[in-house]
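Visitor: Line by line, the protein sequences are chains A and B. The opening residue of the first sequence carries number 1 in this note's numbering; numbering runs sequentially from there. The opening residue of the second sequence carries number 244 in this note's numbering; numbering runs sequentially from there. Provided herewith is a single structure, encoded as structure tokens, for subsequent inquiry.
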Amino acid sequence: MTTRVALMATCLTDTFFPDTARAVVRLLERLGCTVEFPPAQTCCGQMHYNTGYRRQATTLARHTARTFADYDAVVAPSGSCAGMVRDLYPGLHRSTVRVAGRTYELSEFLVDVLGVEDVGAYFPHRVTYHPTCHSLRMLGVGEKPLRLLRAVRGLELVELPAARSCCGFGGTFALKNADTSTAMLADKMRNVLDTGARVLTAGDNSCLMHIGGGLTRLNTGVRTLHLAEILASTEEEPWVATP
Amino acid sequence: MGRNPVTWLGSPTFPTAARTALADVQLRGNLAHATGTIRTKREAAVGELPDWERLRRAGEAIKDDVLSNLDVYLTRLEAAVTARGGVVHWARDAAEANEIVLGLVRAAGATEVVKVKSMATAEIGLNEALEAGGVSAIETDLAELIVQLGEDRPSHILVPAIHRNRSEIRDIFRATMPGASPSLSDRPAELAEAARAHLRRKFLSAQVAISGANFAVADTGSVVVVESEGNGRMCLTLPRTLITVMGLEKVVPSWRDLEVFLQLLPRSSTAERMNPYTSVWSGVTPGDGPREFHLVLLDNGRTATLADRVGRQALRCIRCSACLNVCPVYERTGGQAYGSVYPGPIGAILTPQLGAGTDDPGTASLLRSLPFASSLCGACYEVCPVRIDIPEVLVHLRGRVVAEKPAYAPEAVAMAAASWVMVSPRRFRFAQRLLGPLRLLARRGRVRRLPWPASLWTDSRDVPAPPRETFSAWWRRNRG
Ligand code: SF4
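Below, the structure written as structure tokens:
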């Protein structure tokens, strides 16, 4: 029996990180799922919600609920967007309750629904993992991403010091309190560099865009890569970025 | 008086104050060290209790019951305190509370009072009010004394001088403490000894003491103060007259309820299993302790806060400071950037609510900035012993700020436009294509500089160049 899955790419990943979404498709299909991409999807409304624009967030939540109404499982490669849908949608509008109960962050879907930890991936690099705040505290993904990473062949996983400390992104916080956000980023980057890892991974492209933007600005030579792209990589088809 | 209730008058908005604080290398070092240490200790102390989550839920439930039946418990408390020889006063705001206290001090014929560390009296600016009335108030908590002598402002709820290190404290003592030796060193034992000698004289001469209250048991009219130094107990037992200023929400129904908080509070605040000095008194006891006891019940914005269904949970706070110690923003900026005696996550949700009625425009813009002083990482909610969902309240208060903005405010226009675009797949796909030209600015896949307001991002972070093809376009081409 194949599992039919709707991919919620998220607006940021769709627009700036298509490799991540393609990696999710490749990974889930490899694991026997049928992946669909409902084309009406746009944005979950998290930015509006978190900045205090509840009415507009509700409009976007209702649109998202309609878009994904026909699916039994919705998978998002983002802890914060999945957290928005699952934890916060029901408080906005009752029409969203169904989609809220069927939305998963990628690592949860793999471990809890598909019941796999070894996804057959191969990624011969030194990697460290940053647990993003919403995946950690809103969804409670716990060790799941680490269990997935530990099963990747060739991958050397190094522990990130002060891993649970926020990277300082926080959506519009990064602009409204740019100085504080940058101070938090500086500490996160120092910890990443201390690990000696070549790759920093996480389950959220938003945080990775922030940390990665700092890492390239300083020419640190450390690259950021979404968890999905590591898990999609195999010996036969190793990961390559689309030029 | 240089101060509005709750905030310090003339304080800049949070982002402005934070910029100054972030540049202070010494402060960053002091804070990172202090918060890091207490954070680790708290985790260990909490980890010892298998029923911690149930205790938190009990604490939450008791406080919620108190908040929804405040009238019942407060009148019960008043009756019990009165029956045991105490006098209860009600104060609507800071000015009323200060006037009551000053009147009581004058009636006792005192010009000097000793003080137990208290957030409520700091909130209302009691020391400044007494000063203006010719009464000097002496703080007896060590950290509070350091702040007072240094003519400084507190930066933490539990350890108001957390931003100071040993050598700074030595310099303050040498310069301002009567009788301090000019050769005083920065050894903690010597500093404590100097403070002890200074305070002992005050304890023995003071006629009036002023305290706050951590809890008050309605059933028996018993007021509870928890502290770690024993200085508070000196104040509570030696002077003839004791005046306690207590926020309305500090009442608990019974001793059984108190038991829950006496477990939650020490582990959360100082990472101790049991609090070192817990003082409890019920009215007055002839021949033992103060002969006169006054309890001032303070509103100062609390009933207004109670009217807000989401915001009211801030009144569950037991002032443990755990949320400050884990907050990544507080750890970088310190407490003074919050412009109020309540810093950190709790300050960001409590100060805007307690101070809501302000008519000072500067204060109003500080209050508007506070709910945004958070990345919503949720670390505060995770540790709060009474389960205050601080991120939820922050977002709620952001909504209030937004609702006051005119529709033509640049941010409101941008947000309205963004949602108008995003609610329509067609418009969204079109907007995605408009980002394409950004590629022209990119070098090696990165855009390094953009005009304002995007410069707020690019000042410290690159922007990835948009890809040649979005995912949705790729899907349509290959799978659609
Ligand atoms: S909000 Fe919670 S964690 Fe923060 S000081 Fe109050 S009780 Fe403690």
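Just so it is clear, CB atoms sit at the ideal spot from N, CA and C, and this is done for glycine as well. These numbers come from a predicted model, not from an experiment.
#1: Return no unless some Cβ of chain A is closer than 8 Å to the Cβ of residue 522 of chain B.
#2: Are there 16 or more other CB atoms within 10 angstroms of the CB of residue 240 of chain A, so buried, or fewer, so exposed?
#3: Does the ligand SF4 have even one heavy atom less than 7 Å from the beta-carbon of residue 66 of chain A?
#4: Could you tell me if residue 394 of chain B is buried or exposed, where buried requires 16 or more neighbouring beta carbons within 10 angstroms of its beta carbon?
#5: Let me confirm a value: residue 40 of chain A is counted as buried when at least 16 other C-beta atoms fall within 10 Å, else exposed. Which label applies?
#6: Looking only at DSSP bridge pairs, what is residue 334 of chain B linked to?
#7: What's the gap between the Cα of residue 245 of chain B and the Cα of residue 572 of chain B?
#8: Given residue 263 of chain B, which residues of its chain have a CB within under 6 Å of its CB, disregarding the five upstream and five downstream residues?
#9: With DSSP collapsed to three states, give me the class of residue 661 of chain B.
#10: Suppose you measure from the CA of residue 431 of chain B to the CA of residue 327 of chain B; what does that come to, to the nearest Å?
#11: Kindly indicate which three-state DSSP category residue 101 of chain A falls into: helix, strand or coil?
#12: At 3 residues or longer, and completely inside the region 576-657 of chain B: list those beta strand (DSSP E) runs for me, N to C.
#13: What residues from chain B crowd round residue 8 of chain A, counting only those whose CB sits closer than 9 Å?
#14: Please name the residue, chosen from B/546, B/554 and B/587, that lies closest to residue 564 of chain B on a Cα-to-Cα basis.
#15: Using a beta-carbon distance below 8 Å, is residue 68 of chain A in contact with chain B?
#16: Please state whether the Cβ-Cβ distance between residue 120 of chain A and residue 30 of chain A is less than 8 Å.
#17: Which of the three DSSP states, helix, strand or coil, is assigned to residue 571 of chain B?
#18: Residue 625 of chain B touches chain A at which residues, Cβ-Cβ below 8 Å?
#19: Using the Cα positions of residue 566 of chain B and residue 100 of chain A, report the straight-line distance between them to the nearest angstrom.
#20: Let me check you understand the geometry: is the CB of residue 626 of chain B closer than 7 Å to at least one non-hydrogen atom of the ligand GDP?
#21: Note down, in chain order, each residue of its chain lying with its Cβ closer than 7 Å to the Cβ of residue 225 of chain A, except the 5 sequence neighbours on either side.
#22: Taking the alpha-carbon positions, what's the residue 543 of chain B to residue 488 of chain B distance?
#23: Please list, in chain order, all residues of the same chain as residue 639 of chain B whose beta carbon is under 7 Å from its beta carbon, the five residues on each side excluded.
#24: Measuring CA to CA, which of A/117, A/152 and A/56 is closest to residue 646 of chain B?
#25: When the Cα atoms are used, what is the spatial distance from residue 61 of chain A to residue 293 of chain B?
#26: Would you mind reading off the limits of the alpha helix (DSSP H) that contains residue 364 of chain B?
#27: So for residue 246 of chain B, helix, strand or coil by DSSP?
#28: Using a Cβ-Cβ distance cut-off of 8 Å, determine whether residue 714 of chain B contacts chain A.
#29: Does the region 360-367 of chain B come into contact with the region 337-346 of chain B, if we say contact requires no fewer than three beta-carbon pairs (one atom in each stretch) closer than 8 Å?
#30: Counting C-beta neighbours from all protein chains within 10 Å, is the total for residue 663 of chain B 16 or more, i.e. buried, or is it exposed?
#31: Examine the Cβ distances between the region 577-591 of chain B and the region 510-523 of chain B and report whether three or more of them are shorter than 8 Å.
#32: Can you name the start and end residues of the beta strand (DSSP E) that residue 356 of chain B belongs to?
#33: Once you ignore the five residues that flank residue 214 of chain A on each side, which residues in its own chain have a CB closer than 6 Å to its CB?
#34: Can you pull the chain B neighbours of residue 33 of chain A, defined as C-beta to C-beta under 8 Å?
#35: Establish whether the CB of residue 678 of chain B and some CB of chain A are separated by less than 8 Å.
#36: What residues in its chain sit with their C-beta under 6 Å from that of residue 590 of chain B, if we drop five residues either side in the sequence?
Guide: To lay it out plainly:
#1: Numbered from 1 along the second sequence, position 279 holds the residue referred to as residue 522 of chain B. Not an interface residue.
#2: What you label residue 240 of chain A is simply residue 240 of the first sequence in a count that begins at 1. Residue 240 of chain A comes out exposed.
#3: Locating residue 66 of chain A in the first sequence gives position 66, counting from the first residue. Residue 66 of chain A: no, Cβ never under 7 Å from the ligand SF4.
#4: Here residue 394 of chain B refers to the residue found at position 151 when the second sequence is read from its first residue. With fewer than 16 Cβ atoms within 10 Å of its Cβ, residue 394 of chain B is classed as exposed.
#5: By 1-based counting over the first sequence, the position of residue 40 of chain A is 40. Its Cβ having fewer than 16 others within 10 Å, residue 40 of chain A is exposed.
#6: Within the second sequence, numbered from 1, the residue matching residue 334 of chain B stands at position 91. For residue 334 of chain B, which the question treats as bridged, DSSP gives the partners B/541.
#7: Taking the first residue of the second sequence as 1, we reach residue 245 of chain B at position 2. Taking the first residue of the second sequence as 1, we reach residue 572 of chain B at position 329. Here residue 245 of chain B scores only 38 on pLDDT, less than 50, and its place in the model is too uncertain to base an answer on.
#8: Taking the second sequence and counting its residues from 1, the one referred to as residue 263 of chain B is at position 20. So no residue of the chain qualifies.
#9: Translated into the one-based positions of the second sequence, residue 661 of chain B becomes position 418. Of the three classes helix, strand and coil, the one that applies to residue 661 of chain B here is helix, per DSSP.
#10: By one-based count along the second sequence, residue 431 of chain B stands at place 188. By one-based count along the second sequence, residue 327 of chain B stands at place 84. Spanning the two alpha carbons is a distance of roughly 41 Å.
#11: One-based indexing of the first sequence puts residue 101 of chain A at position 101. Reduced to three states, the DSSP call for residue 101 of chain A is helix.
#12: none
#13: Sequence index remark: in the first sequence, residue 8 of chain A carries index 8 (1-based). Per Cβ cutoff of 9 Å: no residues; residue 8 of chain A is ~11 Å from chain B at best.
#14: Taking the first residue of the second sequence as position 1, residue 564 of chain B is located at position 321. The residue with the shortest Cα to Cα distance from residue 564 of chain B is B/587.
#15: Locating residue 68 of chain A in the first sequence gives position 68, counting from the first residue. Cβ-Cβ to chain B under 8 Å: no for residue 68 of chain A.
#16: Residue mapping note: residue 120 of chain A aligns to position 120 of the first sequence, counting from 1. Residue mapping note: residue 30 of chain A aligns to position 30 of the first sequence, counting from 1. Their beta carbons are under 8 Å apart, which means residue 120 of chain A touches residue 30 of chain A by this criterion.
#17: As a position in the second sequence, residue 571 of chain B is number 328, starting the count at 1. In this structure, residue 571 of chain B counts as helix in the three-state DSSP scheme.
#18: For the purposes of this step, residue 625 of chain B is identified with residue 382 of the second sequence, where counting begins at 1. Within 8 Å Cβ-Cβ: 137.
#19: In the second sequence, the residue the question calls residue 566 of chain B occupies position 323. In the first sequence, the residue the question calls residue 100 of chain A occupies position 100. Going by the C-alpha atoms only, they are around 29 Å apart.
#20: The ligand GDP is not among the ligands present in this structure, which contains only the ligand SF4.
#21: The sequence position of residue 225 of chain A within the first sequence is 225, counting from 1. Excluding positions up to five away in sequence, the list reads 199 and 201.
#22: Locating residue 543 of chain B in the second sequence gives position 300, counting from the first residue. Locating residue 488 of chain B in the second sequence gives position 245, counting from the first residue. Approximately 12 Å, taken between the alpha carbons.
#23: The sequence position of residue 639 of chain B within the second sequence is 396, counting from 1. So the list reads 553 and 554, once near-sequence residues are dropped.
#24: Taking the second sequence and counting its residues from 1, the one referred to as residue 646 of chain B is at position 403. For the residues A/117, A/152 and A/56, the minimum Cα distance to residue 646 of chain B belongs to A/56.
#25: As a first step, residue 61 of chain A is located in the first sequence; it is residue number 61 there, counting from the start. As a first step, residue 293 of chain B is located in the second sequence; it is residue number 50 there, counting from the start. Roughly 38 Å separates the two Cα atoms.
#26: For the purposes of this step, residue 364 of chain B is taken as residue 121 along the second sequence, with counting starting at 1. Its alpha helix (DSSP H) spans residues 362-366.
#27: The count along the second sequence starts at 1 and reaches residue 246 of chain B at position 3. At residue 246 of chain B, the pLDDT of 46 sits below 50, so the modelled position is not reliable; the number obtained from the coordinates is stated separately. In this structure, residue 246 of chain B counts as strand in the three-state DSSP scheme.
#28: Within the second sequence, residue 714 of chain B is the residue found at index 471, counting from 1. Taking Cβ atoms only, chain A reaches closer than 8 Å to residue 714 of chain B, which makes this a yes.
#29: yes
#30: Reading the second sequence from its first residue, position 420 is the one you call residue 663 of chain B. Residue 663 of chain B comes out exposed.
#31: no
#32: Locating residue 356 of chain B in the second sequence gives position 113, counting from the first residue. Unbroken beta strand (DSSP E) run through residue 356 of chain B: 355-358.
#33: Residue 214 of chain A sits at position 214 when you count from the first residue of the first sequence. Result list for residue 214 of chain A: 185 and 189, in chain order.
#34: The residue labelled residue 33 of chain A in the question sits at position 33 within the first sequence. Per Cβ cutoff of 8 Å: no residues; residue 33 of chain A is ~14 Å from chain B at best.
#35: Locating residue 678 of chain B in the second sequence gives position 435, where the first residue counts as 1. So, interface residue.
#36: Residue mapping note: residue 590 of chain B aligns to position 347 of the second sequence, counting from 1. Counting only Cβ-Cβ distances below 6 Å, and skipping sequence neighbours, we find 581 and 583.
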